[in-house]
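Numbers in the numbering used here are just positions in the sequence shown, counted from 1, shifted up by 199. Written out below as structure tokens is the structure these notes cover.
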Amino acid sequence: MSKRTITTKNHFDGSTTVPVTMPTDVWAKLAVVADRADARVADVIADAIRGLVYVGRPATFTEAQRRALDAVAGGWDDWTIAEQLGVPLRMVAQWRHEAGMKPCPPGRGHGQI
């Protein structure tokens with residue numbers, strides 16, 4: 200099995216780089232996800248890891264997805280939803296896109312997320 204290695208830089212403070220090695224078929228699947236989110240594979244990996252370790256996030260991603268889509272329907276923008284739910288911005292955008300919903304302009308949300 201062939202492997203692929205990337206080195207990512209910490210996006211928070213720029214001080215940490217981490218080599219990541221994975222099978223090529225996994226890389227290919229991540230490349231598809233990244234392409235759909237208009238992102239880099241390294242960003243998709245970093246977002247996934249942040250989603251696993253972020254303190255205070257909803258108990259499950261299905262719960263977060265439901266709350267995110269309800270918030271989009273209420274007029275909230277992706278950035279505000281991601282911040283309040285503690286999930287990566289790209290994940291909110293992907294859920295919204297998969298649900299066939301258009302992005303909302305910032306500052307138009309009403310109600311509780």
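Glycine is no exception: its CB is placed at the ideal position from the N, C-alpha and C atoms. Keep in mind that this is a model prediction, so the values were computed, not measured.
Legend entry - C-beta atoms of ILE248 and LEU229 nearer than 8 angstroms: Working through the sequence shown from its first residue, we reach residue 248 at position 49. Working through the sequence shown from its first residue, we reach residue 229 at position 30. Judged by beta-carbon spacing, LEU229 lies beyond the 8 angstroms limit of ILE248, meaning their Cβ atoms are not closer than that value.
Legend entry - Whole-angstrom distance between TRP278 and THR220, CA atom to CA atom: Residue mapping note: residue 220 aligns to position 21 of the sequence shown, counting from 1. Residue mapping note: residue 278 aligns to position 79 of the sequence shown, counting from 1. Distance between the alpha carbons of THR220 and TRP278 is about 30 angstroms.
Inset, instruction - Would you check whether the ligand GDP has a heavy atom nearer than 7 angstroms to the C-beta of VAL217? - result: Here there are no bound small molecules, and the ligand GDP is not part of this structure.
Inset, instruction - Determine the burial state of GLN293: buried for a count of at least 16 other Cβ atoms within 10 Å of its Cβ, exposed for fewer. - result: Looking up residue 293 in the sequence shown gives position 94. Buried is the call here.
Inset, instruction - Ignoring anything shorter than 4 residues or poking outside the region 261-292, list the alpha helix (DSSP H) runs there in chain order. - result: Complete alpha helix (DSSP H) runs here, min 4: 277-284.
Legend entry - Where the alpha helix (DSSP H) through ARG235 begins and ends: Counting from 1 along the sequence shown, the entry for residue 235 is found at position 36. Taken as a continuous stretch (DSSP letters only), the alpha helix (DSSP H) holding ARG235 covers 223-235.
Legend entry - Burial state of ARG289 (16 or more Cβ within 10 Å): On the sequence shown, position 90 is the one that residue 289 refers to. ARG289 comes out buried.
Inset, instruction - Please check if any C-beta of chain D sits within less than 8 angstroms of the C-beta of LYS301. - result: No chain D is present in this structure, which holds just one protein chain.
Legend entry - Residue from LEU284, VAL240 and ARG239 whose Cα sits closest to the Cα of THR261: For the purposes of this step, residue 261 is taken as the residue at position 62 of the sequence shown. THR261 has its Cα closest to that of LEU284, out of LEU284, VAL240 and ARG239.
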